[in-house]
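Protein sequences, first through last, are from chains A and B.
Position 212, counted from 1, in the first sequence is what numbering that gives the first Met the number 0 calls 211; the numbers after and before it change by one each time, with no gaps.
Position 137, counted from 1, in the second sequence is what numbering that gives the first Met the number 0 calls 136; the numbers after and before it change by one each time, with no gaps.
From the three backbone atoms N, C-alpha and C, an ideal C-beta is built for every residue, glycine too.
Protein chains: 2
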Amino acid sequence: MPFTRLEIAVLGLVDGELQVLLARRAEAPHAGKWALPGGVLRIDLDASLDAAAQRVMRERLGLDLPFLRQLCAAGGPTRDPRAPWALSIVYRALVPAENVKPSAGKRIEALAWRPVGDAIADKALAFDHSQLVSQAVESTRAEVERLDLPAGFLPDQFTLGELQSTCEQLLGRRLDKSSFRRKLADREVVEPVEGLMRTGANRPAQIYRLHTR
Amino acid sequence: MPFTRLEIAVLGLVDGELQVLLARRAEAPHAGKWALPGGVLRIDLDASLDAAAQRVMRERLGLDLPFLRQLCAAGGPTRDPRAPWALSIVYRALVPAENVKPSAGKRIEALAWRPVGDAIADKALAFDHSQLVSQAVESTRAEVERLDLPAGFLPDQFTLGELQSTCEQLLGRRLDKSSFRRKLADREVVEPVEGLMRTGANRPAQIYRLHTR
DNA sequence: AGGTGTTAGTTGCAAAGTCCCACGAAGTGT
DNA sequence: ACACTTCGTGGGACTTTGCAACTAACACCT
Chain A
0 MPFTRLEIAV LGLVDGELQV LLARRAEAPH AGKWALPGGV LRIDLDASLD
50 AAAQRVMRER LGLDLPFLRQ LCAAGGPTRD PRAPWALSIV YRALVPAENV
100 KPSAGKRIEA LAWRPVGDAI ADKALAFDHS QLVSQAVEST RAEVERLDLP
150 AGFLPDQFTL GELQSTCEQL LGRRLDKSSF RRKLADREVV EPVEGLMRTG
200 ANRPAQIYRL HTR
Chain B
0 MPFTRLEIAV LGLVDGELQV LLARRAEAPH AGKWALPGGV LRIDLDASLD
50 AAAQRVMRER LGLDLPFLRQ LCAAGGPTRD PRAPWALSIV YRALVPAENV
100 KPSAGKRIEA LAWRPVGDAI ADKALAFDHS QLVSQAVEST RAEVERLDLP
150 AGFLPDQFTL GELQSTCEQL LGRRLDKSSF RRKLADREVV EPVEGLMRTG
200 ANRPAQIYRL HTR
């Protein structure tokens, strides 16, 4: 019966870059170090792992977001000095960072966005969390690559320009406009919202939403 | 502190078809029904989740195979009537079934290969195991599709014809010979063993092995 | 009003990649 | 010698991709 926790890797685009939301630990072990926000599994409260991850995110970050995906599980006797054997189920969330202002909850001293490059650097985070962030980023980029769209990053409605720019920031490289649009059309991932246009300083753009299956 | 188990989905090619190794349960609950072989996590014995999965496979099936990969975790209060909250970490193994003769170990009444199509059928297996098998098959096929080769299915040395035939059985459809070879060459996944040929009833074939990184 | 700048959206084309089919090569068995 | 099988490669049709040009529609400036 191991000590079982959930860890949440919240990814978002901040300052045009992929960043991860980190919590500074208020208590030992690793007090003062940065780590993924997380909490213990409560078998009296949680109806499933997914529900547990939702609860932890709500308690620690004040967020309630639908785009939560299980990443992996990690376990071993030396992962956490508080327990003889520690098991963590790791979840990944995607958020449109501009709209989301998480607030530090229970047992958290401070919250901050940190570029994923920094967080992945060896020993940058407490416990084995650098490695977990690395996995989260890898799987997210793979999804974007195959246009399995990370809807969490986007508002309900968006223009194709916004979508492309988001993908470019996630992948860290430029994409070709016409190829990008052709693929979207072929795979029917988005559909136009008839009559709605985004107006601004230049030519209005058609507004799209995710295709309803 | 949930009741924590490991479940192993062993996949192999038997009779030219993708099959999964199932155990008939000797005890309640679901006595007599088929399920994935598995066992409880032992924090006094296991140094990691991977090691725990290896131990369970050895104890239940008498196998000791290197190709074991974590698939997902499942948890909830109604998964297993023995515990108020049951957590399972699911692993997937790939074996060249012809060479491997698993033997029923502790608490197992009988072992049998079963085509994955049957096992996936609704309520064919105990607990939520049908769903777990479905995920195992899906992820395995995705790996083969991108030629992230499931080395567990193959001997150390093989011909390209054997490799292609293996992939075809895994995917359940025919592949084109020249495309298949071009992709292998481009991605440098295999390399020829110079001078070694497989002889038989017809033209000898070059023998290959996995490319050494 | 007319010019300029910026983004939206489409089109054309060449290069690269894939799919399908076919052909020669190299063995065995009759 | 001939049929038969699998191995290995090559060619042509077709599709996908990457790049660039072009028009369209707005705001803003002079």
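Original post:
Would you call the segment 155 to 164 of chain A and the segment 191 to 208 of chain A touching, i.e. three or more CB-CB distances under 8 Å?
Top reply: yes
Original post:
Which of helix, strand or coil does DSSP assign to A50 of chain A?
Top reply: helix
Original post:
Are L60 of chain A and L20 of chain A close, meaning C-beta to C-beta below 9 Å?
Top reply: yes
Subject >> Cβ of T3 of chain B within 9 Å of any chain A Cβ >> reply: yes
**OP:** For A92 of chain B, decide whether its Cβ has a neighbour in chain A, counting only Cβ atoms nearer than 9 Å.
**Re:** no
**OP:** Kindly list, in the order they appear in chain B, the residues whose Cβ is closer than 9 Å to that of L48 of chain A.
**Re:** A72, A73, G74, G75 and L86
Original post:
On the three-pair Cβ rule with 8 Å, is the segment 49 to 65 of chain A touching the segment 121 to 131 of chain A?
Top reply: no
Subject >> Closest Cα partner of S47 of chain B within the set A:G74, A:P83 and A:T3 >> reply: A:G74
Original post:
Are there 16 or more other CB atoms within 10 angstroms of the CB of G225 of chain B, so buried, or fewer, so exposed?
Top reply: No statement about residue 225 of chain B is possible, as the shown extent of chain B runs from 0 to 212 and does not include it.
Original post:
Taking the DSSP output, what are the residues bridged to L146 of chain B?
Top reply: Partner(s): none; L146 of chain B has no beta bridge.
Subject >> the segment 3 to 19 of chain A in contact with the segment 49 to 57 of chain A per 3-pair CB rule at 8 Å >> reply: yes
Original post:
In angstroms, rounded to a whole number, what distance separates the CA positions of Q18 of chain A and E16 of chain B?
Top reply: 44 Å
**OP:** With a threshold of 8 Å, establish whether the CB of A46 of chain B neighbours any heavy atom of the ligand NAD.
**Re:** The model on display carries no ligand, and the ligand NAD is accordingly not part of it.
Original post:
If the cut is a Cβ gap below 7 Å, which residues of chain B does Q227 of chain A touch?
Top reply: With chain A covering only 0 through 212, there is no way to say anything about residue 227 of chain A.
Original post:
Within 10 angstroms of its Cβ, does D185 of chain B collect 16 or more other Cβ (buried), or is it exposed?
Top reply: exposed
Original post:
Using the rule of at least 16 other Cβ atoms within 10 Å of the residue's Cβ for burial, across every protein chain shown, is T211 of chain B buried or exposed?
Top reply: exposed
**OP:** Could you check the C-alpha separation between P36 of chain A and Q205 of chain B for me, to the nearest Å?
**Re:** 53 Å
Subject >> the segment 35 to 46 of chain A: positions lying closer than 7 Å to chain B by Cβ >> reply: L40, I42 and A46
**OP:** Output the residue ranges of the beta strand (DSSP E) runs that lie fully inside the segment 109 to 172 of chain B and measure 3 residues or longer, sorted by chain position.
**Re:** none
Original post:
Within this structure, are the beta carbons of F152 of chain B and L67 of chain B separated by less than 9 Å?
Top reply: no
**OP:** Kindly list, in the order they appear in chain B, the residues whose Cβ is closer than 8 Å to that of P65 of chain A.
**Re:** Here the premise fails: no neighbours, minimum Cβ distance about 19 Å.
Original post:
Do you know how far the Cα of I88 of chain B is from the Cα of T165 of chain B?
Top reply: 28 Å
Original post:
Does the distance from the C-beta atom of L131 of chain A to that of L183 of chain A stay below 9 Å?
Top reply: no
Subject >> Beta carbon of V192 of chain B nearer than 9 Å to that of R208 of chain B >> reply: yes
**OP:** With DSSP as the reference, label L174 of chain A as helix, strand or coil.
**Re:** coil
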